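Engineer:
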Amino acid sequence: MSDRQSSNAYWQANLRIIYICLAIWALVSYGFAIILRPLISMIPVGGTDLGFWFAQQGSILVFIVLIFWYAARMNKLDAEYGVDE
Amino acid sequence: MSQFTLNLLVIGASFALYIGIAIWARAGSTAEFYAANRGISPVMNGMATAADWMSAASFISMAGLIAFTGYDNSTYLMGWTGGYVLLALLLAPYLRKFGKFTVPEFIGDRFYSRTARIIGVICLLIVSITYVIGQMTGVGVTFSRYLEVSNSTGLWIGAALVFCYAVLGGMKGITYTQVAQYIVLITAYTIPAIFISLQLTGNFLPQLGLFGTHDATGVAFLTKLNQVVTDLGFREYTAHHNSTLDMVLFTLALMIGTAGLPHVIIRFFTVPKVSDARKSAGWALVFIALLYTVAPAVGSMARFNLTATMWPGAQAGDTFSEPAVSLEAIETAPELAWMRNWQTTGLLAWEDKNGDGRIQYYNDANPDSPAAAIATERNLAGNELTTVNNDIMVLANPEIANLPGWVIAVVAAGGLAAALSTAAGLLLAISGAVSHDLIKGTLRPDISEKGELMAARISMAVSILVATILGLNPPGFAAQTVALAFGLAASSIFPVLMMGIFSKRVTREGAIAGMVSGMAVTILYIFAYKGWFFIPETNMLPDTPDAWLFGISPASFGTVGALINFVVAYVVSQATQRPPAHVQELVESIRVPRGAGDAVAH
Numbered sequence: 025m026s027d028r029q030s031s032n033a034y035w036q037a038n039l040r041i042i043y044i045c046l047a048i049w050a051l052v053s054y055g056f057a058i059i060l061r062p063l064i065s066m067i068p069v070g071g072t073d074l075g076f077w078f079a080q081q082g083s084i085l086v087f088i089v090l091i092f093w094y095a096a097r098m099n100k101l102d103a104e105y106g107v108d109e
Numbered sequence: 002m003s004q005f006t007l008n009l010l011v012i013g014a015s016f017a018l019y020i021g022i023a024i025w026a027r028a029g030s031t032a033e034f035y036a037a038n039r040g041i042s043p044v045m046n047g048m049a050t051a052a053d054w055m056s057a058a059s060f061i062s063m064a065g066l067i068a069f070t071g072y073d074n075s076t077y078l079m080g081w082t083g084g085y086v087l088l089a090l091l092l093a094p095y096l097r098k099f100g101k102f103t104v105p106e107f108i109g110d111r112f113y114s115r116t117a118r119i120i121g122v123i124c125l126l127i128v129s130i131t132y133v134i135g136q137m138t139g140v141g142v143t144f145s146r147y148l149e150v151s152n153s154t155g156l157w158i159g160a161a162l163v164f165c166y167a168v169l170g171g172m173k174g175i176t177y178t179q180v181a182q183y184i185v186l187i188t189a190y191t192i193p194a195i196f197i198s199l200q201l202t203g204n205f206l207p208q209l210g211l212f213g214t215h216d217a218t219g220v221a222f223l224t225k226l227n228q229v230v231t232d233l234g235f236r237e238y239t240a241h242h243n244s245t246l247d248m249v250l251f252t253l254a255l256m257i258g259t260a261g262l263p264h265v266i267i268r269f270f271t272v273p274k275v276s277d278a279r280k281s282a283g284w285a286l287v288f289i290a291l292l293y294t295v296a297p298a299v300g301s302m303a304r305f306n307l308t309a310t311m312w313p314g315a316q317a318g319d320t321f322s323e324p325a326v327s328l329e330a331i332e333t334a335p336e337l338a339w340m341r342n343w344q345t346t347g348l349l350a351w352e353d354k355n356g357d358g359r360i361q362y363y364n365d366a367n368p369d370s371p372a373a374a375i376a377t378e379r380n381l382a383g384n385e386l387t388t389v390n391n392d393i394m395v396l397a398n399p400e401i402a403n404l405p406g407w408v409i410a411v412v413a414a415g416g417l418a419a420a421l422s423t424a425a426g427l428l429l430a431i432s433g434a435v436s437h438d439l440i441k442g443t444l445r446p447d448i449s450e451k452g453e454l455m456a457a458r459i460s461m462a463v464s465i466l467v468a469t470i471l472g473l474n475p476p477g478f479a480a481q482t483v484a485l486a487f488g489l490a491a492s493s494i495f496p497v498l499m500m501g502i503f504s505k506r507v508t509r510e511g512a513i514a515g516m517v518s519g520m521a522v523t524i525l526y527i528f529a530y531k532g533w534f535f536i537p538e539t540n541m542l543p544d545t546p547d548a549w550l551f552g553i554s555p556a557s558f559g560t561v562g563a564l565i566n567f568v569v570a571y572v573v574s575q576a577t578q579r580p581p582a583h584v585q586e587l588v589e590s591i592r593v594p595r596g597a598g599d600a601v602a603h
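Residue numbers (this note's numbering), protein chains in the order written: chain Y, 25 to 109; chain U, 2 to 603.
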């Protein structure tokens, strides 16, 4: 049964990392780029505002960082729980 | 050397490269045909995924979509990239661990039901076939424009080329050609973008040029663009005009639709390990971002250049400080030859309505703009640049910016690479569903490996033929593929895959009910506003924001369909018997990476 419990703990840890990543994913795209754009509109970026930059550049760059961070974090987790390949 | 010879040389060289790869990368087994023997490195797979994903629409149309709408169409940029985060976190690693060949196969095993598998095949076929029609028409258009052959000749040449490497090499051949096609298409997209950014803003990187300073006036480029377009009575470029709710739902529909597209998912079956599948999604997005972060710069700068061509005063000072471009210049000036070239394709048209010998371009539907005042003062008879197709922004970009002929030839090869690579990926998803899920999985389970490989090749050849015929006679809905393909992938495939991985409780009955209801509601909603099977005049409700349910456009409805899918599947699962023990163990096993290598041998 200990095997089952450890794999359960591994899965819970994975889910926590996924929640964090998805929160950031939603914040930069739906948040900064669309819904929260008026709130950060006082920050100017080259002829327009920060929300526009997030909509056309920033969110894509954050997505890339998120995936590589998730991949690295999961490699560590896999090793910790001994489920790596 | 004439432009035609140059085009022929560059396109011919790129085709020779693809055929060479096809001969080198022949497939000898079903594992090679369906999944390139799971031996593709994450970086290489990332590059192939980028080419697989970026279609004729991304390459040719997206910059124009952004150029003529501005901020509101940022939804495409975020939607078509954000889906990779969902793929990397929620689907790709687990489906790779599952270690089989097709998406419906996972649905059938996880939901212990042949019916579920067949519904999966139906969803896959509807999504992929609608999508492939657009690619085939894109191939025909590009050929006819650059090689001066008829649309149908171009289409048959493209089909013969795809036949070579897809039938011979399957996933293996397609993967290596896609890597080559990625390099061709990204070069073709980047070179004109760098030139145009240098010319307008002095910035080498278009991503920085977009937020840089317009050299000729010393004003921020986007401020200048806003001023010029509002002078002409168009909407402010950087401002938010559409409904916020619809923008959010549309972006979400594109994201979950992207993550649910079968031809993208199967690319992640080709890497050796689960950790490679995660990393590979990151690399795919890096290669996609090289085009997607440049596209908004290309769009806005090409729009500025087009506007400044029509109103030469806009280049250095005020929009109306000089008269509009003269008809004589358009018809004779060498630097405006591109206008005459593109007029013959019907993508650009003008008409001197008031007979003053000048072509005035402005928004005549807006009565309160500076342009309207000028129109009254100068006796204008309405907008005289009568057609400006979105696609012009990329296709004519090198000519508008006066770039050398070889750049134009490279752009042509790039457009073809984008359409061909996506078509091949879609055709592989279609033929895999037919030979592996229908023939091997349902009709003839006892077929030998050799027999299945032959079946896979034959279904590939038939799929190419069907796609070509559909491309020659595109049904009326070809232009609506985005709404349909993404809506269906979002409402049927993505939710069922995610629930299959993240829940042990969702049952066969739940999954089937979820897929059917999600897909049905989405199709009905789209047809209600767009017409039954997109036949004009058969829509039951007017396709306007006021008539949409809560202002949700048909293209955004995939998000609602996905939600319905999740809810129905959950409720039905609660009311039916738990999945059997072996299915719960299957879910346990796909959740841990260890052991993915074993699947290679199967």
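Don't be surprised by glycine CBs; every beta carbon is placed ideally from N, CA and C. Please read these numbers as outputs of a predicted model, since none were measured by experiment.
#1: Against chain U, with Cβ distances strictly below 7 Å, would W35 of chain Y count as a contact?
#2: Comparing alpha-carbon positions, which option in U:S422, U:T259, U:L307 and U:A410 lies nearest N391 of chain U?
#3: Going by DSSP in three states, A330 of chain U sits in which element: helix, strand or coil?
#4: Going along chain U in order, which residues have a C-beta closer than 7 Å to the C-beta of M66 of chain Y?
#5: Let me make sure I understand the geometry here. Which of U:Y571, U:F551 and U:G472 has the alpha-carbon closest to that of R509 of chain U?
#6: Helix, strand or coil for T202 of chain U, going by three-state DSSP, please let me know.
#7: Looking at the secondary structure, which residues open and close the alpha helix (DSSP H) in which D102 of chain Y lies?
#8: Anything in the region 553 to 580 of chain U with a Cβ closer than 7 Å to a Cβ of chain C? List those residues in chain order, please.
#9: Relative to the C-alpha of L63 of chain Y, which candidate in Y:V107, Y:F76 and Y:S30 has its C-alpha closest?
#10: What is the DSSP secondary structure of V389 of chain U, counted as helix, strand or coil?
#11: Counting Cβ pairs closer than 8 Å, one from the region 576 to 586 of chain U and one from the region 261 to 278 of chain U, do we hit at least three?
#12: Once you ignore the five residues that flank A1 of chain U on each side, which residues in its own chain have a CB closer than 7 Å to its CB?
#13: Where are the alpha helix (DSSP H) runs, 4 residues long or more, that stay fully inside the region 95 to 141 of chain U, in chain order?
#14: In whole angstroms, give me the CA-to-CA distance for T231 of chain U and R304 of chain U.
#15: Residue range of the alpha helix (DSSP H) that I565 of chain U falls in?
#16: Given R341 of chain U, which residues of its chain have a CB within under 8 Å of its CB, disregarding the five upstream and five downstream residues?
#17: Thinking C-alpha only, which one of U:I375, U:L386 and U:A373 is nearest L328 of chain U?
#18: In this structure, what does DSSP give as the bridge partners for A350 of chain U?
#19: For P68 of chain Y, which three-state DSSP category applies?
#20: Just to check my reading of the structure: G71 of chain Y and L223 of chain U have Cβ atoms closer than 8 Å, yes? What is that Cβ distance to the nearest angstrom?
#21: Where does E106 of chain U land, buried or exposed, given buried means 16+ other C-beta within 10 angstroms?
#22: Excluding the 5 residues preceding and the 5 following P313 of chain U in the sequence, name in chain order all residues of the same chain whose CB lies nearer than 6 Å to its CB.
#23: Among U:Y190, U:T259, U:A221 and U:T188, which has the Cα closest to the Cα of G203 of chain U?
#24: Using Cβ-Cβ distances below 7 Å, what residues of the region 274 to 293 of chain U are close to chain Y?
#25: How is H583 of chain U classed by DSSP in three states: helix, strand or coil?
#26: Roughly how far, in whole angstroms, is the beta-carbon of F495 of chain U from the beta-carbon of A563 of chain U, given that I think they are within contact range, below 8 Å?
#27: Could you tell me which chain U residues have their CB closer than 9 Å to the CB of A47 of chain Y, listed as they occur along the chain?
#28: List the endpoints of the continuous alpha helix (DSSP H) containing A51 of chain U.
#29: Using a Cβ-Cβ cutoff of 8 Å, what residues of the region 81 to 94 of chain Y are near chain U? List them in chain order.
#30: Of all the options U:L542, U:Y362, U:V568 and U:F164, which has the alpha carbon lying nearest to the alpha carbon of S432 of chain U?
#31: What does the alpha-carbon distance come out to for the pair A64 of chain U and Q316 of chain U?
#32: Using a Cβ-Cβ cut-off of 6 Å (strictly less than) and excluding sequence neighbours within five positions of Q208 of chain U, which residues of its own chain qualify?
#33: Taking buried to mean at least 16 other C-beta atoms within 10 Å of its own C-beta, is W533 of chain U buried or exposed?
#34: In angstroms, rounded to a whole number, what distance separates the CA positions of A278 of chain U and A486 of chain U?
#35: DSSP three-state label for R236 of chain U, please.
#36: Could you pull the DSSP bridge partners for V395 of chain U from this structure?
Structural biologist: Taking the geometry as given:
#1: yes
#2: The alpha carbon of N391 of chain U has as its nearest neighbour, out of U:S422, U:T259, U:L307 and U:A410, the alpha carbon of U:L307.
#3: helix
#4: In chain order: nothing, as chain U lies at least about 15 Å away.
#5: Just measuring C-alpha positions, the residue of U:Y571, U:F551 and U:G472 sitting nearest R509 of chain U is U:Y571.
#6: helix
#7: S83 to E104
#8: The chain labelled as chain C is not found among the protein chains of the depicted structure, namely Y and U.
#9: Y:F76
#10: strand
#11: no
#12: Outside the modelled stretch of chain U, which goes from 2 to 603, sits residue 1 of chain U, for which no answer is possible.
#13: 104 to 111
#14: 13 Å
#15: G559 to A576
#16: I331 and E332
#17: U:L386
#18: U:T388
#19: strand
#20: 3 Å
#21: buried
#22: For P313 of chain U, where only same-chain residues beyond five positions count, the Cβ hits under 6 Å are E323.
#23: U:A221
#24: Correct list: K274, V275, S276, R279, K280, A282, G283, L286, V287, A290 and Y293.
#25: helix
#26: 6 Å
#27: Ordered by position in chain U, no residue passes the 9 Å Cβ test against A47 of chain Y, which lies about 12 Å from the chain.
#28: P43 to W54
#29: Q81, S83, I84, L85, F87, I88, L90, I91, F92 and Y94
#30: U:F164
#31: Whole-angstrom Cα-Cα distance: 21 Å.
#32: The residues are T294.
#33: exposed
#34: The straight-line gap from Cα to Cα measures roughly 24 Å.
#35: coil
#36: Answer is none; V395 of chain U lacks a bridge partner.
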